[in-house]
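Read in our numbering, the sequence shown has 18 at position 18, and its numbers run on one by one without any break.
Accompanying notes for the structure given below.
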Amino acid sequence: MSIRNMPRWRTLLIGGALAGAGALSIGAADNYFEISKNLEIFNELYKELNIYYVDDTSPGKLMKTGIDAMLGSLDPYTNFIPESDIEDYRFMTTGQYGGIGALIRRKDDKVYISEPYEGFPSAKAGIWAGDEIYKVDGREVRGMDTDEVSKLLKGQAGTTVEVTMLRGDAAPMEYSLTREEIKIPDVPYKGFLDADSTVGYIKLNSFTQTASHEVRTAFKELKDHGMQRLVFDLRGNGGGLLREAVNIVNLFVPKGELVVETKGRIAEWDKTYRTLSEPLDTEMPMVVLVDG
Numbered sequence: 001m002s003i004r005n006m007p008r009w010r011t012l013l014i015g016g017a018l019a020g021a022g023a024l025s026i027g028a029a030d031n032y033f034e035i036s037k038n039l040e041i042f043n044e045l046y047k048e049l050n051i052y053y054v055d056d057t058s059p060g061k062l063m064k065t066g067i068d069a070m071l072g073s074l075d076p077y078t079n080f081i082p083e084s085d086i087e088d089y090r091f092m093t094t095g096q097y098g099g100i101g102a103l104i105r106r107k108d109d110k111v112y113i114s115e116p117y118e119g120f121p122s123a124k125a126g127i128w129a130g131d132e133i134y135k136v137d138g139r140e141v142r143g144m145d146t147d148e149v150s151k152l153l154k155g156q157a158g159t160t161v162e163v164t165m166l167r168g169d170a171a172p173m174e175y176s177l178t179r180e181e182i183k184i185p186d187v188p189y190k191g192f193l194d195a196d197s198t199v200g201y202i203k204l205n206s207f208t209q210t211a212s213h214e215v216r217t218a219f220k221e222l223k224d225h226g227m228q229r230l231v232f233d234l235r236g237n238g239g240g241l242l243r244e245a246v247n248i249v250n251l252f253v254p255k256g257e258l259v260v261e262t263k264g265r266i267a268e269w270d271k272t273y274r275t276l277s278e279p280l281d282t283e284m285p286m287v288v289l290v291d292g
């Protein structure tokens, strides 16, 4: 290309860029108009249903149904977290929640205390393992699953929950429990699977803010006691923070390796996650257990 042709080439490039920007602006304007138009339609329909539908309707339930249907048409990782579920979200990301401090289980159509955590409201109130949870805040819970009962028991630390318990043939026992901040460890168990203490085992329940630290600590402790192989159990893991999952990979993968990329509609939101630190061990044989 000659020097004389350069200015014209630059002009064409700039013109193309401006034309592209104009197309983007028009596309965005059309999109915003369509969003606005559809919101008006939805708002009018929502109002008409709540005012004129032949049967009584619940505005909140109708809205949740609409939101669930909309998100259900997208990928499974796009979720709406209502205020009532904020404790579950906080637990997933931090391992902390406000509650009575007890593990519960279901048998037949009843929910029982499996283990009251020492030092927390349930144990301090005298609730025993094996006690049946009969009512929570006056609501009978027979027939509910453990997730439903757990949601009733959880709440902001410092708030009160009224619980009715049954123990054998004794009269129902009423408890007024003040919820406390409870932290569940990401690594509830670590140990050895063989008599020679060479096969280590680490169970990881979730990827909260302390997950990589807990796995690092457990791994170093087992290795210091002679571990030569590792079984890393992720079965039943409820998920959590992507950054913590990457940090755990970093324990066993060299520094600077690409782990995962995330891409969004806007290029600025795209992220690349690489290992940032030197690993603990890249040579030890490992088996990772996941749900089938």
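Note that beta-carbon positions come from the ideal geometry of N, C-alpha and C, so glycine has one too.
When beta bridges are read from the DSSP output, R229 appears opposite V199.
In the DSSP assignment, M165 falls within the beta strand (DSSP E) that extends over T160 to L166. DSSP, reduced to helix, strand and coil, places G240 within a strand of the structure shown. Taking a contact to require three or more Cβ pairs closer than 8 Å, the region 270–290 and the region 250–262 qualify as touching. Annotation: the continuous alpha helix (DSSP H) that includes E148 extends over T146 to L153. E132 is positioned such that its CB atom lies closer than 7 Å to that of L166. Take L234, set aside five residues on each side of it, and the residues of its chain with a beta-carbon closer than 7 Å to its own are L204, V288, L289 and V290, in chain order. If you look at Y53, you'll find it isn't in any alpha helix (DSSP H); DSSP assigns it neither H nor E.
As the crow flies, the alpha-carbon of K183 is around 24 Å from that of N79.
With a cutoff of 7 Å on beta-carbon distance, L62 and P121 are scored as not near each other.
A distance below 7 Å between beta-carbons, with the five flanking residues on each side excluded, links Y189 to the following residues of its chain, in chain order: K203. Between E244 and A211 the beta-carbon gap is near 4 Å, inside 8 Å, which marks them as a contact. Boundaries of the beta strand (DSSP E) harbouring G191: Y189 to F192, taken from the DSSP string.
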